[in-house]
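Asks: One point on numbering: in my numbering, the residue at position 229 of the sequence shown is 249, and numbering is uninterrupted. Ideal Cβ placement from N, Cα and C applies to all residues, glycine included. As the structure is a prediction and not an experimental result, all values here were calculated from the model.
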Amino acid sequence: MTVQNHIAPKPVFNKTARSGSNPIVVLLFILFLASCLTYLLDSGSYQRADGLVVAGSYQVIEKDRSLRHVFGSVADATAGEAQPVGVVDVLLAIPAGLQRGGGLIFMVLIIGGMFGILNQSGAVDAGLERLLSAVKGNIYGLVIFLMTMFALGSTFLGLASEYLLIIPLMVELARRLGMSNLIGLAILTVAVKVGYLSSITNPLPLTIAQPLLGLPIFSGAGMRTLFFFIFFVFSVSFSCC
21 MTVQNHIAPK PVFNKTARSG SNPIVVLLFI LFLASCLTYL LDSGSYQRAD GLVVAGSYQV
81 IEKDRSLRHV FGSVADATAG EAQPVGVVDV LLAIPAGLQR GGGLIFMVLI IGGMFGILNQ
141 SGAVDAGLER LLSAVKGNIY GLVIFLMTMF ALGSTFLGLA SEYLLIIPLM VELARRLGMS
201 NLIGLAILTV AVKVGYLSSI TNPLPLTIAQ PLLGLPIFSG AGMRTLFFFI FFVFSVSFSC
261 C
């Protein structure tokens, strides 16, 4: 088996072909659907003690579901009462969400522009050619190695959004090998999720969740290591098969 036998020619995109749904339209639809559900679903509240929800403390809050709130705002609701989300709240949620996720949005924009520059300069093609030549046709070994590196970075250091730049590279790698784009996405995302779920020493969830339960930080690492290997074997089998 040689690398050349698995390198597929670059696809020729048909500009007249029907493209997928615009992500902005999808996000707006989700926002609209969520606002409509506030008219159908009950609102409630929990009592908390030391940051934890008190069992059996859930109470339904009275809600006025009349359509007069369509152009209102939840800020006008009286204390102890719930109100459906109106058009004003939906519109205000967009800039509020952009402000809260500004760091991630900025990083995605920078990463997208960086990848576009690298792709146009030919650096991506040259790098992939060098990588495929280095493995000498051992494609499955390459997949296992990449997934191992991604999973270790996630489970030990909590890396996740930092891998955003790698997604287009993995998709392009899978395309060059004649595989589905979904395989390229799975090589990264499945490995990262496996590492994050096990979180052997991931400081992000462990330093928050374990103190809430009264457990020593990083305790139970042996059990999480066992689950990491189990999850990783299944993830590699899924991605390679």
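Quick check on the burial criterion: 16 or more other C-beta atoms within 10 angstroms. Buried or exposed for G132?
Replies: Result: exposed.
Asks: Between the segment 163-182 and the segment 211-220, do three or more beta carbon pairs fall short of 8 angstroms?
Replies: Flag = yes, the segment 163-182 and the segment 211-220 touch.
Asks: For G71, which residues from the same chain have a beta carbon less than 8 angstroms from its beta carbon, with the 5 sequence-adjacent residues on both sides left out?
Replies: Same-chain partners within the cutoff: L232.
Asks: Run through the segment 133-184 for me and flag every whole alpha helix (DSSP H) of 4 or more residues, listed as ranges in chain order.
Replies: 143-155, 159-177, all fully within the segment 133-184.
Asks: Answer yes or no: do V108 and S86 have a C-beta to C-beta separation smaller than 8 angstroms?
Replies: Contact: no.
Asks: Since S65 is in the beta strand (DSSP E), which residue starts that stretch and which ends it?
Replies: Counting along the chain, the beta strand (DSSP E) containing S65 begins and ends at 63-65.
Asks: Taking only runs of the alpha helix (DSSP H) that begin and end inside the segment 56-112, which ones reach a length of at least 4 residues, in chain order?
Replies: The segment 56-112 contains no whole alpha helix (DSSP H) run of 4 or more residues.
Asks: On the premise that S181 lies in contact with M134, defined as a C-beta separation below 8 angstroms, what is that separation, rounded to the nearest angstrom?
Replies: Contact flag wrong, Cβ pair sits at about 15 angstroms.
Asks: For the alpha helix (DSSP H) that contains F249, what are its first and last residues?
Replies: Element bounds for F249: 241-260.
Asks: Can you give me the C-alpha to C-alpha distance between A241 and V253, rounded to a whole angstrom?
Replies: Near 18 angstroms, if we compare the C-alpha coordinates of V253 and A241.
Asks: Straight-line CA distance for V74 to S218?
Replies: Roughly 27 angstroms separates the two Cα atoms.
Asks: What residues in its chain sit with their C-beta under 7 angstroms from that of L166, if we drop five residues either side in the sequence?
Replies: Taken in chain order, the residues that qualify are I207.
Asks: Can you give the Cα-Cα distance for G106 and A54, rounded to whole angstroms?
Replies: Rounded to the nearest angstrom, the two C-alpha atoms are 11 angstroms apart.
Asks: Going by beta-carbon coordinates alone, are L197 and I159 separated by less than 8 angstroms?
Replies: Contact: yes.
Asks: Compute the Euclidean distance between the alpha carbons of M169 and L179, then round it to the nearest angstrom.
Replies: Each residue's Cα considered, the two are about 11 angstroms apart.
Asks: With distances taken between CB atoms, is the gap from F258 to V210 smaller than 8 angstroms?
Replies: Yes, the pair counts as a contact, with Cβ atoms nearer than the cut-off.
Asks: What residue range does the alpha helix (DSSP H) around I220 cover?
Replies: Here I220 belongs to no alpha helix (DSSP H), and DSSP marks it neither H nor E.
Asks: Which residues in the same chain have their Cβ closer than 6 angstroms to the Cβ of I250, if we skip the five residues on either side of it in sequence?
Replies: Once the five neighbours on either side are set aside, I250 has no close Cβ partner at all.
Asks: Could you check which residue in I220, I203, A194, S141 has the C-alpha nearest to that of M243?
Replies: The candidate whose alpha carbon is nearest that of M243 is I220.
Asks: If you run the structure through DSSP and keep just helix, strand and coil, what is P236?
Replies: In this structure, P236 counts as coil in the three-state DSSP scheme.
Asks: For T58, count neighbouring Cβ atoms within 10 angstroms of its own Cβ and tell me buried if that reaches 16, exposed if not.
Replies: Under this definition T58 is a buried residue.
Asks: Between which two residues does the alpha helix (DSSP H) containing M190 stretch?
Replies: That run of the alpha helix (DSSP H) goes 186-196.
Asks: By how many angstroms is the C-alpha of S77 removed from the C-alpha of R88?
Replies: If I take the Cα positions, the gap works out to 31 angstroms.
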